[in-house]
Amino acid sequence: MITRLRDTFLGLTLSVLSESRIISFVVVELRLLGPGMRDLSVAASLIKGGGLVAFPTETVYGLGGLGFSADSVTKIFRVKDRSPDVPLILHVSSLRMFEECIDGVPEVAYELVRRFWPGPLTLVLPKSHKVPEVVTAGRVTVGVRWPSHEVTQKLIDLVGEPLAAPSANRFMSLPPLTAGDVVIELDDLIDAVVDGGEVPLGVESTVIDLSVRPFRVLRPGSLPVPKLEAFLSEEVIRAYGMPSRKYRLGVEVVYVRSCSLGMMTDVVDSVADVVGRLGSGGVLVLGSDETLRDYFDRGIEAVSLGSRRKPFEVGKGFIRVLRSLPSRVRKVVIEPFPCGGVWEALDYRFLKAARKVVEA
Ligand code: TXA
Ligand code: MG
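Numbering (the working numbering), first residue to last: 234 to 593.
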């Protein structure tokens with residue numbers, strides 16, 4: 234029998250051979266690291282040694298490995314249980330690193346970089362020969378972004394090459410906002426997590442494909458699409474629509490969707506109508522600071538995701554609430570939120586969660 238003995242302190246893996254019994258037993262432990270330089274150096278050496286480390290970015294926690302190593306990237310797919318046809322993003326911390334990933338950077342990309350990087354914007358462009366095919370799921374293009382989070386930048390600098398990093402959750406589950414979320418999701422499957430506190434935005438980066446004309450936004454994210462349109466002053470196709478993959482959740486989610494309800498009483502009316510039709514108990518409304526009292530006044534159980542003036546708070550509130558639902562809740566109903574700007578990304582998130590969409 235072979236038992237794997239892992240020295241959790243040095244991050245070494247040893248194999249011990251025994252004829253008939255387990256001769257030692259060691260619990261594999263994920264290392265919790267801080268955001269200081271000493272711990273980041275440890276994180277960087279784990280990554281350089283082919284390991285996987287989760288770390289904060291300004292959007293969500295990422296699960297990072299060496300972007301130019303097919304072995305590290307293959308490991309990321311395995312740990313996340315991710316479908317091999319969904320490409321990963323490379324994270325860089327300098328223009329030089331970006332240029333290394335791309336086969337000839339066009340002028341328009343430099344313009345976007347100067348305006349929006351570092352930040353939550355992923356550019357899809359033809360890949361260079363350095364990028365292994367497994368990163369791009371066999372495509373000729375690669376997605377690259379330069380995160381604005383200081384910890385992410387320092388870590389990439391220390392590693393000295395791009396980090397491939399999807400959100401640090403299992404495939405089709407909610408993105409992680411804290412190191413604790415990562416631990417719950419990936420536990421002993423990865424080498425370490427850098428705890429940098431809760432992420433500031435909580436919404437993934439906006440992904441734009443610059444390899445085709447007109448440009449195509451592949452995923453709405455933290456950087457509002459209208460901002461991109463205004464800056465580029467040319468047509469940008471919204472190539473997303475209904476998400477092709479849904480979150481796997483333990484409850485049934487109904488999303489009441491509307492762009493035309495300006496009055497809070499209309500918002501509450503439309504939700505009350507749906508709740509009435511869902512009938513018996515176990516229904517929880519995901520509302521906002523502005524509507525919560527109205528639900529209570531009508532005897533409807535509700536919780537606030539945050540203020541309708543703060544879309545990023547609502548986006549994070551949504552994840553937090555879904556992660557900690559009491560077991561008696563069977564169905565949740567999302568109220569209509571404002572439209573446009575960064576709300577497009579939240580609409581996309583709600584659609585990804587919804588089993589049923591009611592257009593109000
Ligand atoms: O904010 C973010 O982007 C986070 C943090 C960790 O940086 N990362 C993230 O990665 O959300 P992930 O793997 O969960 O999502 C990457 C998205 C996927 O929807 C993928 O289809 C798209 O980017 N993508 C990446 N490269 C692409 C390519 N070459 N062509 C088309 N889509 C691409
Ligand atoms: Mg993801």
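All C-beta atoms, glycine included, are put in the ideal place defined by N, C-alpha and C.
Report the residue from the options whose alpha carbon sits nearest the alpha carbon of residue i.
i, options, result
"L273", "V518, F288, E262, L263", "F288"
"P453", "L266, Y581, I322", "Y581"
"P380", "A401, P351, L396, F404", "P351"
"V518", "P365, Y488, K313, L494", "Y488"
"A398", "T307, K549, S493", "T307"
"E534", "G509, V547, E546, I280", "G509"
"R478", "T374, L558, M405", "M405"
"L482", "M496, F551, Y343, R471", "F551"
"M496", "I322, E340, E523, V436", "E523"
"V486", "F583, R264, E383", "F583"
"G413", "L265, S302, K360, R271", "L265"
"Y480", "A505, L555, D420", "L555"
"G298", "P359, L456, V368, Y343", "V368"
"V341", "G269, I441, I309", "I441"
"G514", "S560, E332, S491, A472", "S560"
Could you check if residue i belongs to the surroundings of the ligand MG, using beta carbon to heavy atom distance under 7 Å?
i, result
"P380", "no"
"S406", "no"
"S400", "yes"
Which of the three DSSP states is assigned to residue i in this structure?
i, result
"D442", "strand"
"S278", "helix"
"R582", "helix"
"F331", "helix"
"V259", "Summary for V259: the model assigns pLDDT 43, below 50, so the residue's position carries little reliability; its value from the coordinates is reported in the next sentence. Coil."
"R471", "strand"
"K564", "strand"
"E217", "Residue numbering for the chain in the displayed model covers 234 to 593; residue 217 lies beyond these limits and cannot be assessed."
"E383", "helix"
"K360", "strand"
"T355", "strand"
"G376", "strand"
"W576", "helix"
"E592", "strand"
Where residue i and residue j are concerned, what is the direct C-alpha to C-alpha distance, given to the nearest angstrom?
i, j, result
"L465", "V286", "35 Å"
"S257", "S278", "Unreliable positioning characterises S257 in this predicted model, as indicated by a pLDDT of 41, which lies under 50. A coordinate reading is not provided."
"A370", "G376", "11 Å"
"E291", "V275", "21 Å"
"L407", "D336", "33 Å"
"V590", "K363", "43 Å"
"A593", "R553", "26 Å"
"V426", "G512", "43 Å"
"K460", "E366", "32 Å"
"R403", "A578", "20 Å"
"G573", "V547", "15 Å"
"V260", "S400", "Residue confidence for V260 is low, a pLDDT of 44 falling below 50, so the modelled location carries little weight and cannot support an answer."
"E568", "A586", "13 Å"
"V284", "L388", "Note that residue 284 is Gly in the sequence shown here, rather than Val. Spanning the two alpha carbons is a distance of roughly 14 Å."
"V357", "D506", "43 Å"
"L354", "G532", "42 Å"
"A463", "V436", "21 Å"
Are there any heavy atoms of the ligand TXA lying less than 7 Å away from the beta-carbon of residue i, as far as the coordinates show?
i, result
"A342", "no"
"R403", "no"
"I322", "yes"
"S438", "yes"
"G376", "yes"
"D442", "yes"
"R471", "no"
"G337", "no"
"L482", "no"
"P447", "no"
"L451", "yes"
Against chain C, with Cβ distances strictly below 8 Å, would residue i count as a contact?
i, result
"R478", "The chain labelled as chain C is not found in the depicted structure, where only one protein chain is given."
**Request:** Could you tell me whether the stretch 441–452 touches the stretch 540–560, where touching means 3 or more Cβ pairs closer than 8 Å?
**Result:** no
**Touching by the beta-carbon criterion (3+ pairs, under 8 Å), the stretch 305–320 and the stretch 428–448** = No, the stretch 305–320 is not in contact with the stretch 428–448.
**Prompt:** Taking one C-beta from the stretch 498–511 and one from the stretch 520–528 each time, how about it: are there three or more such pairs within less than 8 Å?
**Reply:** yes
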